[in-house]
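Worksheet: one structure, shown below.
Protein chains: 4
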Amino acid sequence: MSSKSSARGESAVPPLADTSAFRAPPVTARGARTRAALVAAARVVFERDGYLDARLTDITAEAKCSTGSFYTYFSSKEEVFLAVVEEAQHDMLHPGAPHLDEDEASPAAVIEASNRAYLEAYKRNAKLMLILEQVAVVDPKFREVRRTRSRTFAARNARAIARLQEQGLVDPGIDPKMAAMALSGMVSRLAYNVFCLGDKASMKQLVDTTTRLWVNALKLDES
Amino acid sequence: MSSKSSARGESAVPPLADTSAFRAPPVTARGARTRAALVAAARVVFERDGYLDARLTDITAEAKCSTGSFYTYFSSKEEVFLAVVEEAQHDMLHPGAPHLDEDEASPAAVIEASNRAYLEAYKRNAKLMLILEQVAVVDPKFREVRRTRSRTFAARNARAIARLQEQGLVDPGIDPKMAAMALSGMVSRLAYNVFCLGDKASMKQLVDTTTRLWVNALKLDES
Amino acid sequence: MSSKSSARGESAVPPLADTSAFRAPPVTARGARTRAALVAAARVVFERDGYLDARLTDITAEAKCSTGSFYTYFSSKEEVFLAVVEEAQHDMLHPGAPHLDEDEASPAAVIEASNRAYLEAYKRNAKLMLILEQVAVVDPKFREVRRTRSRTFAARNARAIARLQEQGLVDPGIDPKMAAMALSGMVSRLAYNVFCLGDKASMKQLVDTTTRLWVNALKLDES
Amino acid sequence: MSSKSSARGESAVPPLADTSAFRAPPVTARGARTRAALVAAARVVFERDGYLDARLTDITAEAKCSTGSFYTYFSSKEEVFLAVVEEAQHDMLHPGAPHLDEDEASPAAVIEASNRAYLEAYKRNAKLMLILEQVAVVDPKFREVRRTRSRTFAARNARAIARLQEQGLVDPGIDPKMAAMALSGMVSRLAYNVFCLGDKASMKQLVDTTTRLWVNALKLDES
DNA sequence: TATGAATGAGGTTTCATTCAT
DNA sequence: TATGAATGAAACCTCATTCAT
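Residue numbers (the working numbering), protein chains in the order written: chain A, 1 to 223; chain B, 224 to 446; chain C, 447 to 669; chain D, 670 to 892.
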């Protein structure tokens, strides 16, 4: 259970948790295949049944392997869930869509692109995010996973706001960290309400509204 | 167990659920005391252990009565939880603090007072809100309770924004409903992050930031 | 889990363990009946199948009650076993047979009566003693139970030897405690070998041999 | 797996079991090394975890070889344990210490030397003896191993007592076999209590007490 | 109105052993 | 001779709810 820090290259994204002390990773190709099948199967089952109602035997059945094999790679339901969430989290934090060149595009366009990317990634992973929200309430480990996402976005946005303030484009009376926390939260809560809880709004409405409110809230000078 | 709306006089707050079909309310004074003790005990146990880990026997033990007595007043765990949440929800929607007179105070002052009242009510009920968030994910009935709160606030705010637009004080390009949803969500998500998940921010920071962002976002004319 | 000392009146026998913190004892007659049935059933199953192979469901089936009822009275297999062993231990330490009056009977007769009583009690409880021996190796709690028995006998015998030394009837060069430990061990090991492991010897041989060896070993003056 | 006796030359020690039908002994030097590493590792793991809790994977990990390799040399957990116990049993029955010359030394000195040798060998192998005691209760094959040790000592002692009776040095009223069984048991039970269960006594106390009690019990004429 | 004993379904987890490479 | 992934049966325990007293 010792905590070895695992370098992840230049990525600014902190790892979800120390997974190095868990089950040993597979050394053969067959092992890797089985493990991957289990993670994929787990995602299916978790999204279908929720965390609590997901039964390990359903996961192994879906992965077409025996119960025992599950424990070759994971030591508990919690641990597969972490593996599944880690994949999704990666997609959330690094959506494939190419970022706009911040030097060329207008700040408003950058904000719009960023909000759209976030909302679309959220939509792709909505079911899992719902489950994560539920588990995070109960399990501190997953609470941390969830907060890692929030804080990563908030920090990213705080830096962007500060930069715009330096350029004289944004209301200098604003605290970049608090504003970033509030505005990021606004977007994610909206995403949660719409994609997870079923509030009604189109993607266009979401992108337009969030972008306009960001721009207004920051008093972004669009001249 | 289905949720029929039942008028409750002039209150604008929709009831959480139809409680008329549940257990008959206590008729004797002793019965009323026992029931009250159970609700209080349930709040303690739910806040301490969470919904799923709360055991009925712990609640009855805390209330110093027998297991059987529980079923004299409630027909299930769900039902006591509803009773507990109903109390808290009432406090959230009708915080004791006197509202400013909207006709005399400036719009910004009204927004600030409103945000402060919300944040303080959230803080008082944070533990329970956390549990409710968890249960809402799983149980549609409580999802409804949660959304009732969101929509009550959003609707209230949407009306206020529309009124300010009519008075020419707010950016007419804004969709009052979407903006209200987004801005209310911003406040509640902030409250959730800080009071439930432990993010760090002072009450002053929260009130100042949310107020400024609301004012900016709406392009509220403060002249 | 707090450890309340429970007085047991004038008995010199220490309790096996603190059972007061376990499940609450039954308060109704029906409860007492069920609990007693479970203990009796447990003894049957443990003696038949051994500790490890004893399944809780076999015990409840034998006691004609549901699995759940088991957990009303005991929190684990370990705990019923303790209850069963406690009964047997009581029989071992207080065999019903009336002790000889030590003032009137000759010391050798007292020794013989004592050895016979021990051997007969051991024979009655042999199956359970075997199981206890097995469990004691693994579980410190039961190791303590087992040592309690050894030490109770050794202490009792040490006092008797010391008294005889004071009366000038026994070799003064003997250390009463070590001798008692050794001679008590001799009898119990013999009992174990014969009644548990199947070595062959008649009760008469056992009583005669142990008595003679005790008398000789202590150089008991029989004049 | 049945236990056929197979002569092993002049040794008076009966073999524990027929090992000829087990896995073929290693033919290469590497194989011999692996097998030896497994036996050594098994002793470590058995002493540390007990028989039941010892996992084959722990043994192979300790021996730094793969799971599969285990089955190249042993066909089951039982079989390694037998190999481990056989080594220890050999040490118990043939302690390296040179026996006194029975023709020259006094009988009491022979008894003392014999008891000391036994107690010291027991001390060396105490942990394993504890495990064996546990397994013997459950598995007839190991019960036999254990009884082999008891009976070997008892028989050896019975012959010695009979010889001393023939020489007129010992109480003729004693049954040599029963006395040997009882007195050997006394020593081994003492060793078990002190070295396995943690009763307190020094080696000197043990040797002095057992020797004196033997001498007294046999009414050994030391003139 | 109060009591507390009884119910019972069903998922998680373990690890000796096999066998394809 | 060495490797390590795959197998799968089997049993403990929980706790919301009922109901006889």
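Virtual Cβ for every residue (Gly too), placed ideally from N, Cα, C.
Judging by CA-CA distance, which residue of the options is the nearest neighbour of residue i?
i              : options                           : result
residue 577(C) : 493(C), 471(C) and 564(C)         : 493(C)
residue 277(B) : 258(B), 410(B), 299(B) and 384(B) : 299(B)
residue 286(B) : 311(B), 410(B) and 259(B)         : 259(B)
residue 86(A)  : 209(A), 149(A) and 192(A)         : 149(A)
residue 850(D) : 626(C), 627(C), 628(C) and 635(C) : 635(C)
residue 580(C) : 643(C), 511(C), 514(C) and 659(C) : 643(C)
residue 474(C) : 495(C), 518(C) and 663(C)         : 518(C)
residue 402(B) : 170(A), 208(A) and 24(A)          : 208(A)
residue 387(B) : 274(B), 333(B), 317(B) and 283(B) : 333(B)
residue 316(B) : 344(B), 336(B) and 335(B)         : 344(B)
residue 395(B) : 171(A), 212(A) and 173(A)         : 212(A)
residue 872(D) : 774(D), 714(D), 781(D) and 707(D) : 781(D)
Residue i CB to nearest chain A CB: under 9 Å?
i              : result
residue 291(B) : no
residue 442(B) : yes
residue 428(B) : yes
residue 279(B) : no
State the Cα-Cα distance for the pair residue i and residue j, rounded to the nearest angstrom.
i              : j              : result
residue 699(D) : residue 739(D) : 14 Å
residue 384(B) : residue 398(B) : 9 Å
residue 424(B) : residue 341(B) : 16 Å
residue 553(C) : residue 666(C) : 8 Å
residue 749(D) : residue 743(D) : 6 Å
residue 486(C) : residue 479(C) : 11 Å
residue 641(C) : residue 821(D) : 20 Å
residue 861(D) : residue 614(C) : 32 Å
residue 380(B) : residue 145(A) : 32 Å
residue 718(D) : residue 645(C) : 30 Å
residue 378(B) : residue 305(B) : 23 Å
residue 428(B) : residue 184(A) : 16 Å
residue 585(C) : residue 721(D) : 12 Å
residue 507(C) : residue 729(D) : 41 Å
Who are the near neighbours of residue i in its chain, counting only those whose CB is closer than 6 Å to its CB and skipping five residues on each side?
i              : result
residue 489(C) : 530
residue 656(C) : 561 and 633
residue 359(B) : 365, 366 and 369
residue 26(A)  : 32 and 35
residue 661(C) : 554
residue 727(D) : 714
Given 8 Å as the limit, tell me if residue i has its C-beta closer than that to any heavy atom belonging to the ligand GDP.
i              : result
residue 605(C) : The ligand GDP is not among the ligands present in this structure, which contains no ligands whatsoever.
Please decide whether residue i counts as near chain D, where near means a Cβ-Cβ distance under 9 Å.
i              : result
residue 655(C) : yes
residue 658(C) : yes
Residues in its own chain within less than 8 Å of residue i by CB, not counting five upstream and five downstream?
i              : result
residue 124(A) : 91
residue 166(A) : none
residue 279(B) : 290, 293 and 300
residue 511(C) : 480, 483 and 484
Just to confirm my understanding: we take residue i, look at its own chain, exclude 5 residues before and 5 after, and list those with CB closer than 7 Å. What are they?
i             : result
residue 88(A) : 125 and 128
Taking Cβ positions only, does residue i come closer than 9 Å to chain B?
i              : result
residue 146(A) : yes
residue 165(A) : no
residue 150(A) : yes
residue 157(A) : no
residue 52(A)  : yes
Got a sec: is the Cβ-Cβ distance from residue i to anything in chain C below 9 Å?
i              : result
residue 683(D) : Only weak support exists for where residue 683(D) lies, its pLDDT of 42 falling under 50; the value from the coordinates is given anyway. No, no contact with chain C.
residue 852(D) : yes
residue 870(D) : yes
residue 885(D) : yes
Along the segment 573–590 of chain C, what residues have a CB closer than 7 Å to any CB found in chain D? 576, 579, 580, 583, 584 and 589
According to a CB-to-CB cut-off of less than 8 Å, which residues of the segment 836–847 of chain D neighbour chain C? 840, 842, 843, 844 and 847
Using a Cβ cut-off of 7 Å, which residues of the segment 290–309 of chain B contact any Cβ in chain A, in chain order? none
Name, going along the chain, the residues of the segment 186–198 of chain A whose beta-carbon falls closer than 7 Å to a beta-carbon of chain B. 186, 188, 189, 190, 193 and 197
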